[in-house]
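Take a look at the structure set out below.
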Amino acid sequence: MSRAETVSAPVRPRPSWTLGLLRDELRTTFRRWRTLALLGVLAAVPVLVGIAVRIETGDGSSGGGGGPAFVSQITNNGLFLVFTALAATLPFFLPMAVGVIAGDAVAGEAGAGTLRYLLVAPSGRTRLLLIKYATVMVFCLAATLVVAVSALAVGALLFPLGDLTTISGTRITFGEGLVRALLIALVVAASLLGVAALGLFVSTLTNSGIAAMATTVGLLITVQILDQIPQLHALHPYLFSHYWLSFADLMREPVHWDDLTKNLGLQALYAAVFGSAAWARFTTKDVTA
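The sequence shown lines up with residues 1 to 289 when you count with the numbering used here.
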């Protein structure tokens, strides 16, 4: 190989360099005050729900007057607070937090003037976009686990723990209940991948992090509204939020997999479509900031 060919050969980043960039991206994201504030709010929701149920049932009542099916079971077993907290945060709080992080992923860098410096390094736009999406995926899991762990801690402090009754009426051990709680948390985290891909796509369309975050959250609210309009029932199965609460089927005996698989398949479809759209936009975008 000639010297000219050696000089002109593209520099390919090593896998260790990619892992280092991912580690730096994760460190930067989870050290931001905005991220810590979002996680703090998510951790507070189970605390508020647990205290509210404790106060309501302080006179010996069952507290089953309304709300999700899990609420009436919290006083009998604090593990149900995990399921209730996830059901309470999934429609808005969790996806809103993911939308904020995803919407700021690329647009925030462009607005701060750091995006072009990241592209100067031998990362490549595709690799950088994958790292951004991987970071948002990690946040999806972290945010879900924060809610679940906070709910488990509050449930253990305020209510008894032990064997629990499934929605189908069968009894399972506390250990099996913990396993199902972990599976539910993983399913909830996977349910947010569609929002993450949508937010990342929006983030590639603008250089304003605030505009990208606001647009992503606005689209989230719009989809939620559309999912509640009966006249649009034919459209509902194609909305990324429609099967979110299907995680409750993991608390049946036997487990009902139909809606769960539909939910995961729909999230994979949204991730593929909007992930491809984000890639197409980002790889052709004129980066000036």
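C-beta: ideal position from N, C-alpha, C; glycine also.
Mark residue i as exposed unless 16 or more other C-beta atoms lie within 10 angstroms of its C-beta, in which case mark it buried.
i	result
glycine 177	buried
alanine 97	buried
isoleucine 184	buried
arginine 180	buried
phenylalanine 174	exposed
proline 230	exposed
glycine 115	According to the sequence displayed, residue 115 carries leucine and not glycine. Answer is buried; the Cβ neighbour count reaches 16.
leucine 36	exposed
threonine 84	buried
serine 276	exposed
tryptophan 244	buried
tyrosine 133	buried
valine 255	exposed
threonine 135	buried
alanine 278	buried
glycine 40	exposed
leucine 42	buried
alanine 44	exposed
glycine 20	exposed
leucine 182	exposed
threonine 144	buried
threonine 261	exposed
alanine 234	exposed
alanine 293	Summary: the structure shown does not reach residue 293, with the chain confined to residues 1 through 289, and so no result is reported for it.
Check the C-beta distance from residue i over to residue j and give it rounded, since I have them as a contact under 8 Å.
i	j	result
leucine 250	valine 187	7 Å
phenylalanine 139	threonine 29	7 Å
leucine 49	alanine 148	Note on residue identity: the sequence assigns valine, not leucine, to residue 49. So it is not a contact: roughly 13 Å between Cβ atoms.
alanine 281	threonine 204	It should be pointed out that residue 281 corresponds to arginine in this sequence rather than to alanine. Between threonine 204 and arginine 281 the Cβ distance is about 4 Å, and since that is below 8 Å, they are a contact.
leucine 22	isoleucine 131	5 Å
valine 53	threonine 75	7 Å
glycine 209	alanine 272	That pair is no contact at about 25 Å.
leucine 141	alanine 189	4 Å
serine 191	glutamine 267	6 Å
So, at 7 Å on beta carbons, what are the nonlocal neighbours of residue i in its own chain, with the 5 sequence-adjacent residues on each side left out?
i	result
tyrosine 270	Gly194, Ala197, Leu198 and Phe240
methionine 213	Gly99, Val100, Gly103 and Asp104
threonine 283	Arg125 and Thr126
alanine 9	Here alanine 9 scores only 44 on pLDDT, less than 50, and its place in the model is too uncertain to base an answer on.
leucine 26	Thr135 and Val138
serine 367	Any question about residue 367 goes unanswered here, given that the chain covers just 1 to 289.
serine 246	Asp259, Leu260 and Asn263
Is any heavy atom in the ligand NAD found nearer than 7 Å to the beta carbon of residue i?
i	result
aspartate 249	The ligand NAD is not among the ligands present in this structure, which contains no ligands whatsoever.
Tell me which same chain residues have a C-beta within less than 6 Å of the C-beta of residue i, skipping the five on either side of it?
i	result
histidine 242	Asp227 and His236
valine 146	Leu39, Leu42 and Ala43
valine 71	Thr84
serine 150	Ala43 and Pro46
Tell me which same chain residues have a C-beta within less than 8 Å of the C-beta of residue i, skipping the five on either side of it?
i	result
leucine 79	Leu152, Gly155, Leu161, Leu164, Phe174, Gly177, Leu178 and Ala181
arginine 171	Asp163, Leu164 and Thr165
phenylalanine 274	Gly194, Ala197, Leu198, Leu200 and Phe201
Q | Cβ pair count under 8 Å reaching 3, the region 152–170 against the region 100–116 | A | The region 152–170, when compared against the region 100–116, does not touch it at the 8 Å Cβ threshold.
(Q) Pairs of beta-carbons, one from the region 160–174 and one from the region 215–227, closer than 8 Å: are there three or more? (A) The region 160–174 makes no contact with the region 215–227, as fewer than three CB pairs between them are under 8 Å.
(Q) Threshold first: 4 residues or longer. Then list the alpha helix (DSSP H) segments lying entirely within the region 87–162, N to C. (A) Secondary structure remark: continuous alpha helix (DSSP H) runs of at least 4 residues inside the region 87–162, in chain order: 93–112, 115–120 and 125–158.
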